[in-house]
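Once you know that position 236 of the sequence shown is 235 in numbering that gives the first Met the number 0, the rest is easy, because the numbers rise by one and skip nothing.
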Amino acid sequence: MFLVQVTDTFGARRRLQLDSRAALIGCGDNCEIRLDGWRVGREHARLTQTGAGLLIEDLGYRTGTWINGARIARHGPLTVGDEIGIGGFRLRVQDRLPRARDSSPPPADAPAAKPSALRDGRNPVDQRVRAPSARALPADGATGKEGKEPTAIEQRNACSAVAAAAVTSAVATRSEWRRILHEKLLDAIDLRRRDLTRMNDDEVRAEAEQVIRDVLAKETALPAEVDRAALLREVLHEAIGLGPLEDLLADESVTEIMVNRFDEVYVERGGQLQRHETVFSSNRAVLGVIERIVAPLGRRIDESSPLVDARLKDGSRVNAIIAPLALKGPALTIRKFSRQRLAADDLVTHGSLSPPMAELLRLCVTQRKNVVVAGGTGSGKTTLLNVLSNFIPDGERIVTIEDAAELKLNHSHLVALESRPANVEGRGLVAIRDLLRNALRMRPDRIVVGECRGGEALDMLQAMNTGHEGSMTTLHANTPRDAVARLETLVLMAGMDLPLAAIRDQIAAAVDILIQQTRFACGARKVTSITEVTGVENGRLQLQEIFRYTVRGFEHDGKVRGEFGGCGTVPTFCDELRARGVAIDLSIFAGTGERDSAH
């Protein structure tokens with residue numbers, strides 16, 4: 000049970016007494032605490048009563064939930080002095096849950112508790128771990144609920160909670176000082192009237208670092224427990240680099256970085272998503288990082304064009320989206336590319352495919368077979384395409400075409416093309432299809448399209464059928480059969496009004512091999528199928544699976560368990576290759592049982 004005092008935008012007050020342990024706050028009819036306002040979401044926030052006190056959780060509406068002037072995602076326990084701000088309404092909550100050790104109300108003349116520096120609005124940082132209340136830690140000689148001394152485990156847990164709260168408090172304090180110093184840095188650079196656009200990266204970095212040192216030297220209010228060196232590095236990263244993401248980009252174990260909002264960052268390690276403690280100082284800081292990424296590429300992001308695909312200098316893929324499309328604030332997703340150039344042997348070592356599968360892929364690329372790599376998002380299609388490019392004989396002319404350049408082909412004779420979005424006036428658009436048509440006039444031996452997403456699939460098939468054998472591309476699909484069906488759909492998007500029979504004939508003549516890449520729940524990425532397109536029969540594309548990965552189960556830690564094996568079929572193009580004198584070991588295509596019996 001708890002009491003709520005609501006003050007509306009006109010200053011009128013009302014009191015509510017709730018008997019439940021949880022209550023929704025919002026403008027919806029199902030909310031126990033209803034606030035009728037256009038800046039209030041239908042289910043805006045949730046109050047929950049726990050043994051430690053009242054907790055409030057923001058439910059993601061764009062105007063947010065505020066405690067003492069600071070925006071939060073989750074906050075607790077609430078005190079009597081805390082003021083909740085939601086869409087112009089102010090709420091104060093009083094917990095009425097009886098306490099086992101101290102259920103008597105405080106004396107009427109008792110002085111009100113003074114809010115701490117982290118609760119009075121001076122530190123706008125979400126407090127996700129808070130120190131336990133005084134009741135949670137008995138004083139020396141005090142006993143527990145049943146008159147017993149707290150156990151060693153209870154004491155250790157209590158100490159751990161206090162230590163975690165202290166660490167969170169230190170991080171929050173440094174985050175607030177980072178914001179303050181960032182603002183002072185901008186003011187100091189403005190006062191010096193330096194034109195940073197005429198300076199190179201090293202000069203800008205040196206200039207900014209010196210200004211930050213000067214500001215820190217004059218800052219007498221900085222708490223002694225704040226690490227000045229770490230603070231200087233963080234402010235420098237946020238001012239001229241990628242802010243808190245710099246350390247994550249340098250961490251080799253992190254494969255993907257996801258910023259949902261300025262104080263909510265997730266990373267992927269070992270195929271598993273996990274929340275990271277790093278935060279930006281504000282939404283403005285996230286927007287600044289996005290602009291620093293896209294500006295050198297000649298791309299833009301603003302309210303008229305609120306989403307963009309881009310890349311970092313190392314080739315890592317970047318996607319950003321801002322308001323009004325992103326309701327919680329600017330969102331940023333970075334898919335890192337390994338600095339190490341992977342080869343087929345590396346994929347075999349990591350268990351992504353078997354040696355016979357690698358041998359077949361080498362044969363297909365060197366003998367100029369057209370290859371399509373299919374798979375879901377994050378399954379490793381681009382990585383596999385880079386690996387396949389290592390098999391291309393040196394001296395062949397390759398043209399790559401992408402929306403945002405991601406391919407890192409290890410080849411000497413390479414021309415890389417990138418599409419261009421429209422400008423502010425809606426002009427200047429250069430689509431994948433335009434680049435693909437132009438590539439045909441560049442005398443390519445092979446064309447590699449980063450991904451087919453639309454009508455360019457038709458142009459890609461025509462290129463494969465007109466003397467550009469050995470070309471490669473990727474597309475999104477979950478199975479080889481889904482891949483050919485999606486390819487048919489993409490060709491229809493070209494707007495040529497072709498009959499389905501003609502499209503299937505084009506696919507059968509152009510595509511030789513389909514490689515299916517799969518990402519499992521445990522994070523493992525494997526080539527689950529290599530399939531040959533053998534032709535059209537009775538109006539249906541015929542597929543012949545050559546290799547597959549069979550799932551046998553899952554380990555106790557969730558890791559997938561299975562085995563690679565041949566399907567006992569030989570690709571139809573093997574006879575042609577053997578007639579040309581290409582040596583092929585047909586034993587690699589035998590099924591698992593056949594290979595065992597042969598040995």
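Even for Gly, the Cβ is constructed at its ideal location relative to N, Cα and C.
Residue i in three-state terms, based on DSSP
i	result
Ala-582	coil
Asn-464	coil
Ile-211	helix
Gly-120	With a pLDDT of only 37 at Gly-120, under 50, the local geometry of the prediction cannot be trusted, and the value read off the model is given with reservation. Coil, per DSSP.
Ala-22	strand
Ser-528	strand
Pro-392	coil
Ile-321	coil
Thr-348	helix
Glu-290	helix
Ala-403	coil
Asn-599	This structure cannot settle anything about residue 599, because the visible part of the chain is limited to 0 through 598.
His-615	The structure shown does not extend to residue 615, since the chain spans only 0 to 598, so no value can be given for it.
His-236	helix
Thr-365	helix
Val-510	coil
Met-471	strand
Thr-277	coil
Glu-554	coil
Asp-57	strand
Phe-572	coil
C-alpha distance - residue i paired with residue j, whole-angstrom precision
i	j	result
Leu-90	Arg-38	15 Å
Leu-235	Pro-329	21 Å
Gln-461	Ile-300	35 Å
Ala-373	Cys-26	46 Å
Gln-543	Gly-270	31 Å
His-410	Ser-388	8 Å
Ile-431	Met-471	15 Å
Glu-405	Thr-277	27 Å
Ile-446	Ala-438	8 Å
Ile-211	Ala-205	10 Å
His-467	Gly-534	19 Å
His-475	Val-214	51 Å
Leu-341	Ser-351	12 Å
Glu-245	Leu-434	34 Å
Arg-70	Val-448	44 Å
Leu-306	Val-293	11 Å
Ala-249	Pro-498	51 Å
Glu-455	Ala-520	32 Å
Asp-18	Gly-59	26 Å
Ala-228	Arg-334	29 Å
Residue environment, residue i, which counts as buried when at least 16 other CB atoms sit within 10 Å
i	result
Gln-604	Since the first residue shown for the chain is 0 and the last is 598, residue 604 is missing from the structure and cannot be characterised.
Met-356	buried
Gln-209	exposed
Gln-600	Since the first residue of the chain shown is 0 and the last is 598, residue 600 is not available in this structure.
Glu-450	buried
Arg-613	Residue 613 lies beyond the residue range present for the chain, which begins at 0 and ends at 598; the question has no answer from this structure.
Lys-525	buried
His-555	exposed
His-349	exposed
Gln-599	An answer regarding residue 599 cannot be provided, because it is not within the stretch 0 to 598 covered by the chain.
Arg-155	Residue confidence is low: Arg-155 scores 47 on pLDDT, short of 50, so the model does not pin down where it sits. Its coordinate-derived value is still stated next. Under this definition Arg-155 is an exposed residue.
Asp-458	buried
Contact test: residue i Cβ vs the ligand COA heavy atom, cutoff 7 Å
i	result
Arg-436	This structure simply doesn't include the ligand COA, nor any ligand for that matter.
Test item: CB-CB of residue i and residue j under 8 Å
i	j	result
Ser-304	Arg-518	no
Phe-546	Gly-565	yes
Asn-422	Val-510	no
Glu-618	Arg-551	In the structure as shown, the chain starts at 0 and stops at 598, and residue 618 therefore has no counterpart that could be examined.
Ile-400	Leu-416	yes
Gln-366	Val-581	yes
Arg-20	Thr-47	yes
Thr-332	Met-257	yes
Ile-83	Ile-66	yes
Gly-242	Phe-279	yes
Glu-263	Val-253	no
Ile-391	Val-347	no
Asp-57	Ala-72	yes
Residue i: first and last residue of the uninterrupted beta strand (DSSP E) it sits in
i	result
Asn-29	First-last for Asn-29: undefined, no H or E at that position.
Met-257	253-260
Ala-309	306-310
Span of the alpha helix (DSSP H), counted from its first residue to its last, around residue i
i	result
Met-495	Here Met-495 belongs to no alpha helix (DSSP H), and DSSP marks it neither H nor E.
Ala-249	244-249
Leu-435	431-438
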